[in-house]
Amino acid sequence: AQSVTQLDSQVPVFEEAPVELRCNYSSSVSVYLFWYVQYPNQGLQLLLKYLSGSTLVKGINGFEAEFNKSQTSFHLRKPSVHISDTAEYFCAVSVFDTNAGKSTFGDGTTLTVKP
Amino acid sequence: ETGVTQTPRHLVMGMTNKKSLKCEQHLGHNAMYWYKQSAKKPLELMFVYNFKEQTENNSVPSRFSPECPNSSHLFLHLHTLQPEDSALYLCASSLKGQGNTGELFFGEGSRLTVL
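Going down the list, the protein sequences come from chains A and B. The numbering of the first sequence is my numbering, which starts it at 1 and goes up by one. The numbering of the second sequence is my numbering, which starts it at 1 and goes up by one.
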């Protein structure tokens, strides 16, 4: 079985500051890794994903994440945040098998960007 | 047409009412999901359908009854709900099977309030 731990439930940050949202996972098999974002009163949308290859993955809205296999981490970063980045962020994993599609989600991190 | 469409976006119902939530995907996916998102709680997977067949039911009370008439449509029938069932209900779809990554595509959600 897989598990995902998002280490911070809430991250307050000032506008234009850098931010890192931390995600650790546990799995006995290889996984795909995802970050999803949920803006208020909306569904989740994909921010970025790691499937294979380069461990640094770039996503939408200037976000990037780095896959670290030895530390089983997939932390999300942005060098300079905007007010509009205020949202809930979810880290998720899915496994390499015929049942790919059953994702395991973390509990979410609320990012609040203050002026 | 957007990828995954949910209706209604908002629903208020009494405990004795019967209502249904609808989800439609235009992405050619073969798997569909219902998730429940309550305030201050993790995302909960309720049901999974693969090619119209229910493959997962995570101990959901029988007052929630899913229906998947084809791979593009998913319903959640609601009957004699409780106030604690008030939540955002999210529909998602994906391509399921070997070689697929498990990336989920979400609708915008149906906000349910049970009085």
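Beta carbons are placed, not taken as given, at the ideal position from N, Cα and C, and that holds for glycine.
Determine the DSSP secondary structure at residue i, reduced to helix, strand or coil.
| i | result |
| --- | --- |
| ALA100 of chain A | At ALA100 of chain A the pLDDT is 46, less than 50, meaning the model places this residue with poor confidence; the figure from the coordinates comes in the next sentence. In this structure, ALA100 of chain A counts as coil in the three-state DSSP scheme. |
| SER84 of chain A | helix |
| GLU84 of chain B | helix |
| ASN30 of chain B | coil |
| ASN61 of chain A | helix |
| PRO18 of chain A | coil |
| ASN24 of chain A | strand |
| ARG77 of chain A | strand |
| THR109 of chain A | strand |
| TYR32 of chain A | strand |
| LYS69 of chain A | coil |
| LEU51 of chain A | coil |
| GLU24 of chain B | strand |
| ALA92 of chain B | strand |
| LEU11 of chain B | strand |
| GLN6 of chain A | strand |
Would residue i pass as an interface residue toward chain A - the criterion being a Cβ-Cβ separation below 8 Å?
| i | result |
| --- | --- |
| GLU53 of chain B | no |
| PHE75 of chain B | no |
| GLU24 of chain B | no |
| PRO42 of chain B | yes |
| PHE47 of chain B | no |
| GLY102 of chain B | yes |
| GLY14 of chain B | no |
| LEU11 of chain B | no |
| GLY107 of chain B | yes |
| LEU112 of chain B | no |
| LEU90 of chain B | yes |
Of all Cβ atoms in chain B, is any one closer than 8 Å to the Cβ of residue i?
| i | result |
| --- | --- |
| LEU46 of chain A | yes |
| LYS188 of chain A | Beyond the ends of chain A as shown, which are 1 and 115, falls residue 188 of chain A; an answer cannot be given. |
| GLN198 of chain A | Limits of chain A in this structure are 1 at one end and 115 at the other, which puts residue 198 of chain A out of reach. |
| GLY43 of chain A | yes |
| LYS102 of chain A | yes |
| PHE63 of chain A | no |
| SER94 of chain A | yes |
| LYS69 of chain A | no |
| TYR89 of chain A | no |
| PHE34 of chain A | yes |
| ASP107 of chain A | yes |
| LEU111 of chain A | no |
| LYS49 of chain A | yes |
Is residue i near the ligand PLP - that is, is its Cβ less than 7 Å away from at least one heavy atom of it?
| i | result |
| --- | --- |
| LYS22 of chain B | For the structure depicted, the ligand PLP is absent and the ligand set is empty, with no information on it obtainable. |
Taking the straight line between their C-alpha atoms, what separation do you get for residue i and residue j?
| i | j | result |
| --- | --- | --- |
| MET46 of chain B | ALA65 of chain A | 29 Å |
| THR113 of chain B | GLU88 of chain A | 21 Å |
| ASN17 of chain B | HIS79 of chain B | 6 Å |
| LYS52 of chain B | TYR33 of chain B | 11 Å |
| SER30 of chain A | PHE105 of chain B | 22 Å |
| ALA92 of chain B | PHE105 of chain A | 14 Å |
| ALA100 of chain A | VAL13 of chain A | For ALA100 of chain A, the pLDDT reaches just 46, beneath the cut-off of 50, and the residue's location in the model is therefore unreliable, although a value from the coordinates is still provided. If I take the Cα positions, the gap works out to 35 Å. |
| GLN10 of chain A | LEU21 of chain B | 31 Å |
| GLN25 of chain B | GLN6 of chain B | 9 Å |
| ASN70 of chain B | ALA31 of chain B | 10 Å |
| SER70 of chain A | ASN100 of chain B | 24 Å |
| ASN58 of chain B | PRO115 of chain A | 42 Å |
| LYS78 of chain A | GLY53 of chain A | 21 Å |
| CYS23 of chain B | GLY107 of chain B | 8 Å |
| SER84 of chain A | LEU21 of chain A | 16 Å |
Give the C-beta separation of residue i and residue j to the nearest angstrom, bearing in mind that I take them to be a contact with Cβ-Cβ under 8 Å.
| i | j | result |
| --- | --- | --- |
| GLU84 of chain B | HIS77 of chain B | That belief does not hold up - the Cβ atoms of GLU84 of chain B and HIS77 of chain B are roughly 18 Å apart, past 8 Å. |
| SER3 of chain A | TYR25 of chain A | 7 Å |
(message) Report the start-end ranges of each beta strand (DSSP E) in the region 35 to 78 of chain B that is 3 residues or longer and not cut off at the edges.
(response) 44 to 50, 53 to 57 and 64 to 70
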